[in-house]
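Line by line, the protein sequences are chains A and B.
Residue numbers for the first sequence follow this note's numbering, beginning at 1 and rising by one.
Residue numbers for the second sequence follow this note's numbering, beginning at 1001 and rising by one.
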Amino acid sequence: MVPLSYYLVLSAFLFACGVAGFLLKRNIITIFMSIELMLNGVNLSFVAFAAQWGNLSGQIFVFFVMVVAAAEAAVGLAIIIAVYRTRDTLNVDRVNLLKL
Amino acid sequence: MVHLILFLVFGAVCVAGAINLILQTHPIQSALSLIVVMASLAAEYLLLGAEFVAAVQVIVYAGAIMVLFVFVIMLLNAGTEEVTHGSKIAEFIGLPSLLLLGVLMVWAVTHHSTTSVAAGSLYGDPKTIGRLLFNQYLLPFEVTSILILIAIMGAVVLAGRPEMSNIQADTPRKDA
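Put into structure tokens, the structure is as follows:
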């Protein structure tokens, strides 16, 4: 028997790591991977709550989150390629066309 | 007891991978740590009885999505991250508030839930998930196919080569 709070703490830690990576990293690909890390953290709480309440809907939602993550990864990486083509850099600090 | 030990082992691997993702400066090393995180999360899902989700986690996340990431890193020849300094506000307010948020979350979660998850109490095998997916959740499931179709078209349009007719023939392109 593992307490539910252990799963939630692990999930919160993964999410916090994702947020930290998103804010601290400068490489656009690593920032994108931090977003995937956040999605994984949320998925873990979905599955933990599904087991807690004996309801399989949580696992179905994880499936949908994965579908959205896959679509997001495909479009996001295409955007990264387009940015690299026009700006010749992966550093987000150099992609500052909309900055005042 | 065995489940608790397994949870702690895979949780430790997961945490180590997540920290390593932030600390590494080369994107390929971050990608490999993310694969470690996803693989150990699949083990955590198995401990929770979610067999189908664990299998999909390995196939879709650790397989397909991460291959896409590694492919793009190789394609763009991404090197070590160059260090540019962000604003000082981020260092002096952002990081402490992130720590505060973490402490608050841990406190809230550990003080307001005393229940335990019995390992394998809920059995998410492919048969049960499939029945649920094709009966109760049929409409959302079909809508995801449209989402995927739009994502495919978007990726092709965005990553495709720009129209050659827009470019003068006498100026050689870098990426041609």
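The beta-carbon is built from N, C-alpha and C at its ideal position, and this holds for glycine as well.
Since the structure is predicted, the reported quantities are computational estimates derived from the model, not experimental observations.
Item, Value
"Within-7 Å CB hit, residue 1063/B to chain A", "no"
"Beta carbon proximity, residue 86/A to chain B, threshold 7 Å", "no"
"Three-state secondary structure assigned by DSSP to residue 91/A", "strand"
"Nearest residue (CA-CA) to residue 1024/B, options 16/A, 15/A, 34/A", "34/A"
"DSSP state of residue 1020/B mapped onto helix, strand, coil", "helix"
"Residue 955/B classed as buried or exposed, judged by whether at least 16 other C-beta atoms fall within 10 angstroms", "The requested residue 955/B is not part of the displayed model; chain B covers only 1001 to 1176."
"Separation of residue 1042/B from residue 1184/B, as counted between CA atoms", "The shown model of chain B, from 1001 to 1176, leaves out residue 1184/B, and the question about it has no answer."
"Stretch-stretch touch, CB-based, cutoff 8 Å, three pairs: the region 71–84 of chain A with the region 1137–1152 of chain B", "yes"
"Proximal chain B residues relative to residue 66/A, where beta-carbon distance stays under 8 Å", "1056, 1057, 1060, 1061"
"Exposure of residue 59/A, with buried meaning 16 or more beta-carbon neighbours within 10 Å", "buried"
"For residue 83/A, three-class secondary structure by DSSP", "helix"
"The region 32–44 of chain A: positions lying closer than 8 Å to chain B by Cβ", "32, 33, 34, 36, 37, 40, 43, 44"
"At least three beta-carbon pairs within less than 8 Å, the region 6–15 of chain A to the region 41–52 of chain A", "yes"
"C-beta neighbour in chain B for residue 11/A, strict 7 Å", "no"
"For residue 1176/B, the three-state DSSP class (helix, strand or coil)", "Residue placement at residue 1176/B cannot be trusted, given a pLDDT of 47 that sits under 50; what the coordinates show is reported in the next sentence. The answer is coil: DSSP assigns residue 1176/B none of H, G, I, E or B."
"Neighbour flag for residue 1126/B against chain A, beta carbons, 7 Å", "no"
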